[in-house]
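At position 70 of the sequence shown the residue is numbered 70 (UniProt numbering), and the sequence of numbers has no breaks.
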Amino acid sequence: MADLWQEAMDHAVAVARKAGEIVRHAVHNDMKVLCKSSSVDLVTKTDQKVEQLIIDSVKEKFPKHGFIGEESVAAGEPCVLSDNPTWIVDPVDGTTNFVHGYPFVAVCIGFAVNKTLEFGVVYSCIEDKMYTARRGKGAFCNGDPLQVSDQKEINQSIIATEFGSNRDPEVVDVIFSNMRKILCLPVHGIRGAGSAAINMCMVASGCVEAYYEIGIHCWDIAAAAVIVEEAGGVLMDFEGGPMDLMSRRIIAANNKTIAERIVNEIKAYPAIRDDAPL
C-alpha cells in the first residue's frame, strides 16, 4: 500500500524548495511592501505569490485536501482545522526580515490529519537549510539528524523570543517584563531570529534551549512544531498544558524542566484565537 503521507511530504519539500527560489530572487528584485493590520504587520507580493504557488501545486496533486494559509486567511478565508488532511502554510515566515534583507526567512508547510500534525517542512531559503520531520520518524536539516540540547539548567541556556507586531503600550510592557524575568533568572542570553519557525528549528538543532511567544499564528508554528518534537523537544502552552495550535501562544523547549520554568516566570496577554468566529 502506498504511503500517502510520505508522498505528500515529498511534494511539500519539492514545492518549498521551488518557493524558496522565488523568495531569494525577490530579495534582490521585487520588494513592494503592503501593510495588513498595522504599519509593522507587513505583507509583500512575494508572500501572496508563494502561497498561491503552493496552493495551486497541492490542489493539482491532492485535490481533496484542505488549506490554512496566512494570506488566504488575511483575504477572508476561514481558519478552521478539521479532521480532513490539511496543509498549513506560511509562505514567507519572517516578512519583516525579508523586506530588510535580514537573512532569516522561511517557507513553512505543516500537514495535519484528524487535527494531528503529521509532518513539517521549514525551508530557511536564504541560508539554504531544509528542515524536515515526520511524526515518529525523526527530524533533519539538509538530511542530517537533529537533536535538542541536553541542558537542564535554565541559567545555562539561551532562550529565544520575539516582539511581534502588536505595538499597544500595555502589550509591549508585558513583553519587556517577561524578557526581564527570563534574563534575570539568569540565562546566558535572549535571542530572536525574526521568524517563529526558525527560532523553533534552532531549538530542534540544540543551539537554543527554548522559544516562547504570544501573538504568533498556527501557520507560524505548525511545521516547526513537528520538527521540535521529533528532535526530542516538548511543546507547551503558557499555562503548562499541551500546545494548542490555535491559541496563538507557544513554548517550545528542549525538555519539560526548562519549559515549566518558563511557564512559572512569564505572564500571558490576550490574543484572539486563530479559530475564533469572525
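Heads up, the beta-carbon is just placed ideally off N, CA and C, and yes, glycines get one too.
Who are the near neighbours of glutamate 230 in its chain, counting only those whose CB is closer than 6 Å to its CB and skipping five residues on each side?
Ala133, Gly138 and Ala139
Pick from Asn84, Asp173 and Gly143 that is closest to isoleucine 114, judged by C-alpha positions:
A small fix is needed here, since residue 114 is asparagine in this sequence, not isoleucine. That would be Asn84, whose Cα lies nearest to the Cα of asparagine 114.
My output table needs one value for alanine 231: the three-state DSSP class, helix, strand or coil.
coil
Return the residue from the list Ile214, Val172 and Asn264 that minimises the CA-CA distance to aspartate 244.
Ile214
To the nearest angstrom, how far is the alpha carbon of methionine 1 from that of glycine 192?
For methionine 1, the predicted structure reports a pLDDT of 41, less than 50, and the residue's modelled location is therefore unreliable. The matter cannot be settled from this model.
Shortest alpha-carbon distance to proline 270 belongs to which of Asp150, Thr257, Val23 and Ile216?
Ile216
How should threonine 161 be labelled, buried or exposed, when 16 other C-beta atoms within 10 angstroms of its C-beta is the threshold for buried?
buried
Given isoleucine 250, which residues of its chain have a CB within under 6 Å of its CB, disregarding the five upstream and five downstream residues?
Ile221 and Met243
With C-beta atoms as the reference, is glutamine 159 less than 8 Å away from isoleucine 182?
For the sequence presented, residue 159 should be read as isoleucine rather than glutamine. The answer is yes: Cβ separation under 8 Å.
Please report how far the alpha carbon of valine 148 lies from the alpha carbon of methionine 200, in whole angstroms.
10 Å
Unbroken alpha helix (DSSP H) run spanning lysine 129, endpoints:
No alpha helix (DSSP H) contains lysine 129, which is instead part of the beta strand (DSSP E) from 129-134.
State buried or exposed for proline 78, treating a residue as buried only when at least 16 other CB atoms are found within 10 Å of its CB.
exposed
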